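Q:
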Amino acid sequence: PDFRGPKGVWTTNPAAQQRFTLDRYVADREVRVEAWRNRRSHAAWTAQPNAGHRALVDLERAGRLRALVTQNVDELHQRAGASPDLVVEIHGTMRQAECLGCGDRWPMHDVLDRVDEGDSDPSCGRCGGLLKSATISFGQSLRPEVWRAAVSAACDCDLFLAVGSSLQVYPAAGLCDTAIDAGARLVVVNAEPTPYDGLAAAVLREPI
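Position 136, counted from 1, in the sequence shown is what our numbering calls 996; the numbers after and before it change by one each time, with no gaps.
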């Protein structure tokens, strides 16, 4: 499910958004324990790439894809066959865990194995710091080098496809402005209206 759609994660359970706020995660052990428990049962572990993922791979193979900038954290683009060199994960990846202290990274399944063994709030094996998924939470800065790659792609495209996004989260949504200001056309593909529909050359309100 998406986050803000009619059946979105936060639409149906507004309290779930607390798990995505960095301050609450750091300050409240119970929030971390719940987050780790929910990571084990996350739907993305069994999800498969769909026709939308594969269509973007087709664009890449046709030599038409400058970059694939994604807010998704499930790596389904790569599993569909997208070149990792073209995928720009501005909100990180759930398939790794990261230490908030030293920055060390671990495969997520290795950390989840520790949770299964009874470590309900696992810490970094290197420095003892707090671990969380290597995703960007509310209140957490984007990685500068990743954001630069996203902006560069938006400045250097002829057509900017905004696919399956509410275009309400900034700075990611602002990439539409960046592309338009650089002379690109915008196409929005989303089930619900977005704030950028009026600026788009075309709006497709259909399943992606």
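Yeah, the Cβ is synthetic: ideal placement off N, Cα and C, and Gly gets one too.
Bear in mind that the values here come from a model prediction, so they are computed numbers and not experimental data.
Verify whether the separation of the beta carbon atoms of G989 and S980 is less than 8 Å.
A: For the purposes of this step, residue 989 is taken as the residue at position 129 of the sequence shown. For the purposes of this step, residue 980 is taken as the residue at position 120 of the sequence shown. No; because the gap between Cβ atoms is not below 8 Å, this pair is not in contact.
Q: Leaving out the 5 sequence neighbours to the left and right, which residues in its chain are closer than 7 Å to Q1000 when beta-carbon positions are compared?
A: Here residue 1000 corresponds to residue number 140 of the sequence shown, with the count starting at 1. Excluding positions up to five away in sequence, the list reads L882.
Q: Since K992 sits in a beta bridge, which residues does DSSP pair it with?
A: As a working mapping, residue 992 is identified with position 132 in the sequence shown. In the DSSP output, where bridge partners are listed per residue, K992 has E958.
Q: Rounded to a whole number of angstroms, what is the C-alpha to C-alpha distance between H951 and N932?
A: To locate residue 951, count along the sequence shown from 1; it is residue 91. To locate residue 932, count along the sequence shown from 1; it is residue 72. Straight-line Cα distance between these residues: approximately 7 Å.
Q: Report the rounded CA-to-CA distance for N898 versus A904, giving the unit in angstroms.
A: For this step, residue 898 is matched to residue 38 along the sequence shown. For this step, residue 904 is matched to residue 44 along the sequence shown. One C-alpha to the other measures close to 11 Å.
Q: Near L991, which residues of its chain fall below 8 Å by C-beta distance, leaving aside the five closest residues on each side in sequence?
A: Taking the sequence shown and counting its residues from 1, one reaches residue 991 at position 131. Answer for L991: A957, E958, C959, L960, W966, V971, P982, S983 and C984, listed in chain order.
Q: Suppose you measure from the CA of D1018 to the CA of R914; what does that come to, to the nearest Å?
A: On the sequence shown, residue 1018 is found 158 positions in, with the first residue counted as 1. On the sequence shown, residue 914 is found 54 positions in, with the first residue counted as 1. Their backbone Cα atoms lie some 21 Å apart in a straight line.
Q: From D1037 to D1057, what does the alpha carbon distance come to, in whole angstroms?
A: Here residue 1037 refers to the residue found at position 177 when the sequence shown is read from its first residue. Here residue 1057 refers to the residue found at position 197 when the sequence shown is read from its first residue. So the alpha carbons of these two residues sit roughly 12 Å apart.
Q: Grouping DSSP H, G and I as helix and E and B as strand, with all else coil, what is A1061?
A: By 1-based counting over the sequence shown, the position of residue 1061 is 201. A1061: coil per DSSP, three-state reduction.
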